[in-house]
Amino acid sequence: MKSVVETLNPTRVRLAVEVPFTELEPNIKSAYKRISGQVNIPGFRKGKVPPLAIDQFVGRPVVLEEAINDAIPKLYGDAIRENDLQPLGQPELDVSELNDGEELKFTAEVAVRPKIELPEWEGLEVQVDDLEVTDEDVNKRLDDLRARFGTLAGVERPAAEGDFVQIDLNATADGEPIEGGQATGVSYQIGSGGMIEGLDEAVTGLSAGESATFRTTLVGTHEGEEVDCEVTVTGVKEQQLPELDDEFAQLASEFDTLEELTEDLREQALREARIEQATQARNKVLEALIEKAGDVPIPEEIVQAQVEQHFSDGHGDDDHRQEFEKQFRDSLVQQFVLDELVKAEELEASQEELSAYVVQQAMQRRMDPNQLAQRLVENGELPAAAADVRRGKALAMVVEKATVVDASGETVDLDRLLEDGSLVDESEAEGGVEAATAGGVEFAEIDETEADSDEAQSEDAEPAGAESADAEPGGSASDDENASKPEA
-16 MKSVVETLNP
-6 TRVRLAVEVP
4 FTELEPNIKS
14 AYKRISGQVN
24 IPGFRKGKVP
34 PLAIDQFVGR
44 PVVLEEAIND
54 AIPKLYGDAI
64 RENDLQPLGQ
74 PELDVSELND
84 GEELKFTAEV
94 AVRPKIELPE
104 WEGLEVQVDD
114 LEVTDEDVNK
124 RLDDLRARFG
134 TLAGVERPAA
144 EGDFVQIDLN
154 ATADGEPIEG
164 GQATGVSYQI
174 GSGGMIEGLD
184 EAVTGLSAGE
194 SATFRTTLVG
204 THEGEEVDCE
214 VTVTGVKEQQ
224 LPELDDEFAQ
234 LASEFDTLEE
244 LTEDLREQAL
254 REARIEQATQ
264 ARNKVLEALI
274 EKAGDVPIPE
284 EIVQAQVEQH
294 FSDGHGDDDH
304 RQEFEKQFRD
314 SLVQQFVLDE
324 LVKAEELEAS
334 QEELSAYVVQ
344 QAMQRRMDPN
354 QLAQRLVENG
364 ELPAAAADVR
374 RGKALAMVVE
384 KATVVDASGE
394 TVDLDRLLED
404 GSLVDESEAE
414 GGVEAATAGG
424 VEFAEIDETE
434 ADSDEAQSED
444 AEPAGAESAD
454 AEPGGSASDD
464 ENASKPEA
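Mapping the sequence shown onto this note's numbering, position 416 (from 1) lands on 399, and the numbers just tick up by one.
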């Protein structure tokens, strides 16, 4: 086999492949065998039809076409590996007609990963916000805790902010009901902003039995659609909160005094602030790395295919599409740069690291880790998960070598930060902090030849450690596996 690569642009190539007829003999033999088991020819049993009879009754061209369909996937994959290409998605094939004794010729156009020059990644400098927990933050936590132990009492007055109202909703467009736009007996707290835009203003001031109509833009299935919404208040309840005293502390926590409870809430807020600061540091380091990488070419066909797939049901307006497309482009650039660092540093994903990753993902999805592990195996998504782990390790390596300071100019020490936001003692930090491991989740050994996956056409493909504004763009399934199996 002979193959030649023509670069059409930085993210697309055309492969021209020529295969001697003799190399197709095994495929032709297999084609005869398959056809023999499929056709009914008088005088022969299925599976026992000789090639000459198949040529006479079915036709030699049919056999050759079957052989081509059988041979192309492997030939394409061999050409990809021979030329050290990293394809994204499925190729566009153009196969010449195969005649007896003549060589097979075909071309394949496919999107590929761009070649990237890895920037200097050690010693990046970023600034994050100061670590700050105010009395207001602590009081907010106390108020939230009081609300959990509060009671509701019905009142006969107009609804005000903070009240809970029982409401019925009916959405219409041009006077016609919207499918799924009706709801009855919904409990809603005014001011929470947890439903549809304009609802708070509409129900404020209404008493039980009164209605109001407002214009709003829907979310969900009818996202972006403007409708008229009628809301009817059927009941108003006032939230009555317990007093802030030692008795409340004993009711709501393990502490005996309000002072102890308040200090614990302050420590909780501090731990969360540390985690937020660390997340900000990680994201800013990633941004700095991407900025140093310069302009990274993006395969437009992959981007547009992903956008069309995501919005195939017709939801979303132009602004949403543009936001999604930008996020997906950013995630691709992050993947490409981090994967280049993975390659340069020869980073691997161990079984322990992959197990920890699955446990973390399972917690986010509120799933059993073993069920998620089984799903990854069944869907062939382990290579993509391993790629996420390797990217996470690459980013962690960059963060470790970066200089992070807060707005006050103080150095932020991330080495002592544990997952729950607490800090390890200095003595423990000197001896090294043992990472938490995930028990009970086991995988077969990952085939690293398949693990060089690309998630460019998958919705969850987000580089490990990158913050997603919408949690939509991204990937889980490997396209490189599919890329070696084109249809002729």
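Yeah, the Cβ is synthetic: ideal placement off N, Cα and C, and Gly gets one too.
- Inclusion of L315 and I285 in the CB contact set at 9 Å is warranted, their separation being smaller than that value.
- Scanning its chain for C-beta atoms nearer than 6 Å, with the 5 sequence neighbours on each side dropped, one finds no residue around E139.
- Apart from sequence neighbours up to five positions away, the residues of its chain that approach F231 with a beta-carbon distance below 6 Å are P225, ordered along the chain.
- Within the model, the alpha-carbon separation for E115 versus E246 is close to 15 Å.
- Residue range 301 to 328 is occupied by the alpha helix (DSSP H) that includes F311.
- Beta bridge pairing from DSSP links K(-15) with E1.
- S170 sits in a strand when the DSSP states are folded into three classes.
- Of the candidates Y171, G72, L234, Y171 places its Cα closest to the Cα of E221.
- Residue state for K384 is assigned as helix, using DSSP reduced to three classes.
- The stretch 143 to 208 is shown to contain whole beta strand (DSSP E) runs of 3 or more residues at 147 to 156, 159 to 172, 194 to 200, in chain order.
- For T245, there is no enclosing beta strand (DSSP E); the enclosing alpha helix (DSSP H) covers residues 241 to 276.
- The beta carbon of V109 lies closer than 6 Å to those of K267, V268, A271, V387 in the same chain, with the five residues before and after it left out.
- Distance from V0 to A62 at the Cβ level is roughly 5 Å; contact confirmed, criterion being Cβ atoms closer than 8 Å.
- Taking C-beta atoms as the reference points, E144 and G174 count as a pair closer than 9 Å.
- Per the DSSP secondary-structure output, D211 pairs in a beta bridge with T155, R198.
- Contact check for L76 against I55 passes: the beta carbons are separated by less than 9 Å.
- The stretch 317 to 337 and the stretch 369 to 379 touch, with three or more beta-carbon pairs separated by less than 8 Å.
- Pairing C212 with T155 gives a Cβ-Cβ distance under 9 Å.
- Two segments are said to touch when three or more pairs of C-beta atoms, one from each, lie closer than 8 Å; by this definition the stretch 250 to 260 does not touch the stretch 179 to 193.
- DSSP places F231 in the uninterrupted alpha helix (DSSP H) bounded by 229 to 235.
- A distance below 7 Å between beta-carbons, with the five flanking residues on each side excluded, links Q344 to the following residues of its chain, in chain order: L355.
- Contact annotation: L7 and L81 have beta-carbon atoms nearer than 9 Å.
- Cβ-Cβ distances below 7 Å link T199 to I179, E180, G181, V210, C212 in the same chain, with the five nearest sequence neighbours on each side left out; the list follows chain order.
- Rounded to the nearest angstrom, the Cβ distance from I11 to V46 is 6 Å, consistent with a contact under 8 Å.
- Secondary structure of V116 (DSSP, three-state): coil.
- The DSSP-derived three-state label of V95 is strand.
- Every unbroken stretch of the alpha helix (DSSP H) spanning 4 or more residues and falling wholly within the stretch 331 to 376 is given here in chain order: 334 to 348, 352 to 361.
- The beta carbons of V2 and L58 sit closer together than 9 Å.
- DSSP places E291 in the uninterrupted alpha helix (DSSP H) bounded by 283 to 293.
- Going by DSSP, E75 is part of the beta strand (DSSP E) stretching over 70 to 78.
- Rounded to the nearest angstrom, the gap between the Cα atoms of E86 and F40 is 25 Å.
- It is roughly 11 Å from the alpha-carbon of I161 to the alpha-carbon of T204.
- Rounded to the nearest whole angstrom, the CA to CA distance from R28 to H293 is 50 Å.
- Shortest Cα-Cα distance from L244 to any of I258, R257, D228, F4 involves D228.
- Secondary structure note for G137: it is in no alpha helix (DSSP H), and the uninterrupted beta strand (DSSP E) holding it is 134 to 137.
- Spanning the alpha carbons of E103 and E92 requires a straight line of approximately 33 Å.
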